[in-house]
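For the sequence shown, the numbering used here gives the first residue as 26, with consecutive numbering after it.
Built from N, CA and C at the ideal position, the CB exists for glycine as well.
To start, the structure itself, in structure tokens.
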Amino acid sequence: MTIKRAETWWNALFISSLLVLIAIRWFYQIPTELDVDTSTWISSAISTAHSDRPLWTLLNYSDSRPLTVLPLAVAEMAGINVDWALADGIGVILWAATLTFVFLMFKHWFSSARSFLFTAPLLLFQAFHLWPGFMTYNSEHVCILMLTVGFWAVIKLKDSAYSSWCYFLLGLWLGLLPFAKFQTIPMGLVLALFLVFFLFKTQQWKRLLALIGGGVLPLLLVNGYYYHYDQLGTFWNDYFWSYYYYSFSTVHSKLETTNRFSPLTIGRFVFQPAATRVFWAVQVVLILTGVVQFLRFPARRVVVSRSVMGLAVGVALVSLYAVLQAGNPFDHYLLFLFVPSVVLAGFCSLYFSPKTFSSLWTVALLAIALEGVRNVVAFPLGAVPKLPKSDAMIRKAIQANIFPNETMTIWGYADRFFVYEHLPAGNRLPHSYWIYTKSPLQTHRQRELIDDLDQNKPALFMDAMVAPVSTIYVPDNVNYRHEKFPIIAKYVREHYTLVDVVKGARFYRRKKE
């Protein structure tokens, strides 16, 4: 077989593997709310699609993650009603795109056969993990694609001569990362600083200015947009300070910041999902073996430069930092680690002897594949949330008290009802967690709610802050009903009338004004 035909064959095998992956994930899809976050993003997409100012709504009704909502909003604007199954399917497509760029990244140095080998752990993971916390659509899906494309582009620009416009576009791409999720900023900075250092060292000043200019442009444009509406403070409170208090304080996590990076915390978090414990054990073995071989034979030359090796290590370390910083061990945070670990494991494998390479990678892929088989046989391995039986009664009450083209506000954490009824939200947050939780931003959030209610005049106000209508963050010993917050109680009392109570959920219809 000629080299060209072999390359074509391996490329075809990779594409076929992606199609099989998509088919497997679609077959094992769970068409229900696996994570409340998915309902939040779908609700934001519905609100954006029904808005007279879609850009403003996308920026403000997306819980500070407009690019997370964008793929769902595009589907809604195209007339497709997005539900949980479709959202999760979009997540699979985004992962397929991510895997494509991982494959292309490896192809920068290696043959298609070796690139396929190094990408195979991710293909097996995505096809067979079948873990509810990983399956459901979340902000990580968009973020990981953006970071992977950024990594690939940095490698291409470093090793080839491209125009300043390409550097500007990469800067623009990395500058958009905070609008997918602020949690990606450390990884984006590592990628950008790597290229900045390279351009500075080689005195490519025009390209350096283009990269920096593109990087700051999204922030400048969005700030200008908010300034136009006299809402600049809203941007910094909802985006920057919200992330700051979430990640660098104990407002939203009981774990002290000093304990968030301990080896015990890392081990418990990474090996928490039962579906990927073998996967992580394999990555650890591959990386540590490569490190040992490098220390034994530091002069051994490999095709990947030391600087790119350092970049891979840096991205992996800051990704680990980013998922630990907030002190909340949510499964979906771990998704940030899969691509960096696989890239690093592939690079570390270059220091193996041919015999070690062959034996270790054979065992590695076999172990991950067997774990995948176990996941399929035991499906669902993780707990699948069961929505309350009272949902049907709540839905009937909503339908009885709202008319077409009207909006609804939910006080509590029950975003799924926006998805059930396909209703746009009457305020910028489909849930009220940020409003009733005590924090330095609580007064600001309450004022925002009042302003939204006053401007949008949602026809129905539903106080769902009671279990099991709100499925999470309902404390046993604290009453977070809306009337416990004077400014909100006063507004609801003046503008709404109680019309129904179902399973503890209260329905208020807006008075005619």
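Residue i to residue j span [Cα, whole Å]
i	j	result
Trp66	Pro146	29 Å
Leu216	Ile475	41 Å
Arg78	Ser272	31 Å
Gly249	Ala178	28 Å
His456	Phe428	21 Å
Tyr376	Gly175	26 Å
Leu80	Thr73	8 Å
Trp386	Met102	45 Å
Val167	Tyr269	21 Å
Leu523	Tyr162	35 Å
Thr173	Thr27	31 Å
Lys411	Asp60	11 Å
Gln54	Asp113	8 Å
Ile169	Phe128	14 Å
Asp184	Phe153	35 Å
Glu165	Ile115	12 Å
Ile180	Leu195	11 Å
Thr144	Leu391	14 Å
Thr227	Tyr187	14 Å
Tyr533	Lys515	13 Å
Phe126	Ala306	24 Å
For residue i, the three-state DSSP class (helix, strand or coil)
i	result
Val343	helix
Val527	strand
Val173	Correcting the residue type first, residue 173 is Thr in the shown sequence and not Val. Correct three-state label for Thr173: helix.
Ile419	helix
Ala450	strand
Asp113	helix
Trp261	helix
Asp184	helix
Asp255	coil
Ile55	coil
Thr33	helix
Arg535	strand
Thr434	strand
Ala439	coil
Arg325	coil
Ala122	helix
Asn248	helix
Thr283	helix
Phe222	helix
Lys231	helix
Tyr458	helix
Thr161	coil
Val475	Note that residue 475 is Ile in the sequence shown here, rather than Val. Helix, per DSSP.
Leu406	coil
Cys152	Note on residue identity: the sequence assigns Ala, not Cys, to residue 152. Residue state, collapsed to three classes: helix.
Gln297	coil
Phe273	coil
Ser267	helix
His166	helix
Classification of residue i by the beta-carbon crowding that lies within 10 angstroms, buried from 16 upward
i	result
Met160	buried
Arg326	exposed
Ser383	exposed
Leu119	buried
Thr209	buried
Arg472	exposed
Pro449	buried
Arg232	buried
Asp156	Sequence check: residue 156 is Trp here, not Asp. With 16 or more other Cβ atoms within 10 Å, it is buried.
Leu478	buried
Arg453	buried
Lys537	exposed
Gly371	buried
Leu362	buried
Lys206	buried
Tyr505	buried
Near the ligand FMN: residue i beta-carbon under 6 Å from a heavy atom
i	result
Pro410	By its list of ligands, the structure shown contains no ligand whatsoever, and the ligand FMN lies outside what it can speak to.
Three-pair Cβ contact test at 8 Å for the stretch 523-531 versus the stretch 408-420: Contact between the stretch 523-531 and the stretch 408-420 is present, because at least three Cβ pairs lie under 8 Å.
At least 3 beta-carbon pairs within less than 8 Å: the stretch 218-229 vs the stretch 99-115: Touching, no.
Stretch pair the stretch 435-446 + the stretch 487-503: three plus CB contacts closer than 8 Å: With the cut-off at 8 Å, the stretch 435-446 and the stretch 487-503 touch.
Touching by the beta-carbon criterion (3+ pairs, under 8 Å), the stretch 375-390 and the stretch 291-298: The stretch 375-390, when compared against the stretch 291-298, does not touch it at the 8 Å Cβ threshold.
Three-pair Cβ contact test at 8 Å for the stretch 236-243 versus the stretch 190-205: Under the Cβ criterion (8 Å, minimum of three pairs), the stretch 236-243 counts as touching the stretch 190-205.
Secondary structure, alpha helix (DSSP H): runs of 4+ residues fully inside the stretch 338-398: Within the stretch 338-398, the alpha helix (DSSP H) runs of at least 4 residues that lie entirely inside it are, in chain order, 360-373.
Any beta strand (DSSP E) of 3 or more consecutive residues that is wholly inside the stretch 45-109: The DSSP assignment places no complete beta strand (DSSP E) segment of no fewer than 3 residues inside the stretch 45-109.
Inter-stretch contact (C-beta, 8 Å, three-pair minimum) for the stretch 267-286 and the stretch 337-351: Remark: three or more beta-carbon pairs, one from each stretch, lie closer than 8 Å, so the stretch 267-286 and the stretch 337-351 are flagged as touching.
Continuous beta strand (DSSP E) assignments of at least 3 residues falling wholly in the stretch 479-524: You should have 485-488.
The stretch 130-143 contacting the stretch 28-41, beta-carbon criterion three pairs below 8 Å: Flag = yes, the stretch 130-143 and the stretch 28-41 touch.
Contact the stretch 501-512 vs the stretch 456-473: 3+ CB pairs below 8 Å: Counting Cβ pairs under 8 Å, three or more are found: they touch.
At least 3 beta-carbon pairs within less than 8 Å: the stretch 395-406 vs the stretch 324-338: As far as the Cβ criterion goes, the stretch 395-406 does not touch the stretch 324-338, which means the pair count is below three.
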